[in-house]
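Counting in this note's numbering, the sequence shown runs from 6 upward without gaps. Each residue gets a CB set at the ideal place from its N, CA and C atoms; glycine is no exception. Written out below as structure tokens is the structure these notes cover.
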Amino acid sequence: MKTIVLANHKGGCAKTTTALNIAVALAAQGSRVLAVDLDPQGNLSAVFGVDLEELEESRRTSMRLMLDPQGDFSEYVSQVRPRVDIIPCCLDDEAEAVITAADSRELLLKEKLEPAQAGYDYCVIDTPPSLGTPTLNALAMSDLTIVPIDTGLFALLGIKQLLRKVTRISKRYSPQMQILALSTKYTSRQKLDREVRERVLARFGEDYVFQTTVPKLVAVEEATATLKAVGEAHAESPATFAFRKLVKEIREVLGDEEVGAQAIVRNAK
Ligand SMILES: Nc1ncnc2c1ncn2[C@@H]1O[C@H](COP(=O)(O)OP(=O)(O)O)[C@@H](O)[C@H]1O
Ligand SMILES: [Mg+2]
């Protein structure tokens, strides 16, 4: 299982949308995906159809899993698509406070998901708009950290701080981690969007920015509003093609082109 983390403490830069769409696209190509929501806002859980009110009662959440010494991850998983399971999240200040105070607090998730390694090809983790302990737990098990950067004046604010944290965690716990920026909500016709992308390329270096840009399109928002990935709602949308291309790049970066092909064969059997 390889772990893909969406991280950027700037809200609204399309972390959740990207997590949803790559999880569904990977599964559509035959991979087995474990989605993990670490954001107490529960957006990824909600778009995957999890009932957040019920979840507040049952507390079968990613944060409670991290605090459950005996519990197995499988008790926290719901299947939301063929080949996509989710460990959801909802508002739980108490759990978040305990996680933040725990010993070895950055490794809680990695340890709890060790037994999931064999059952999935990819783990896709959505993080909250903060660099707190839940996000650090995601980074500590990351093979590929994707930093979605939307366009607009404030897009690159705070990136230095983010990269500093990512580097610290990566050095200590996940030296294999690769980090790439992704242009999201991108309109190539707009000068500001192109300028921001130039700055992203300059900051990260060409090799560390996905060639794929995800276009800003109502189809993406509409799909999310009806609890679907854009590919499920609009098969011919340019955004559907963009996410497919992104997944191809992700597999290349992770050296996994073969895995995709094998998974398709497995799926066909
Ligand atoms: N490619 C896109 N085109 C249009 N709207 C988008 C696109 N990606 C994300 N959005 C919208 O931008 C807003 C923020 O996205 P979201 O994924 O929730 O960001 P984050 O998780 O980083 O806070 C949402 O309303 C979402 O529907
Ligand atoms: Mg989000």
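- When DSSP reads this structure, Pro153 sits in a beta bridge with Leu187.
- Bridge pairing for Tyr125: absent [DSSP].
- Cβ contact annotation for Arg110 (same chain, cutoff 7 Å, sequence separation greater than five): Ile104 and Thr138, in chain order.
- One residue after another in chain order, those with a Cβ under 5 Å from a heavy atom of ligand 2 are Lys20, Thr21 and Asn48.
- Taking a cut-off of 8 Å for Cβ pairs, the segment 128-147 and the segment 16-36 touch, as three or more such pairs fall below it.
- Each residue's CA atom was taken as its position, placing Leu112 and Tyr81 some 18 Å apart.
- Annotated three-state conformation of Phe159 is coil, per DSSP.
- Where Val82 is concerned, there is no enclosing beta strand (DSSP E), because DSSP gives it neither an H nor an E.
- The three-state reading of DSSP puts Arg86 in strand, counting E and B together.
- DSSP, reduced to helix, strand and coil, places Gln216 within a strand of the structure shown.
- Remark: the C-beta of Asp44 is in contact range of ligand 1, defined as less than 8 Å to any heavy atom.
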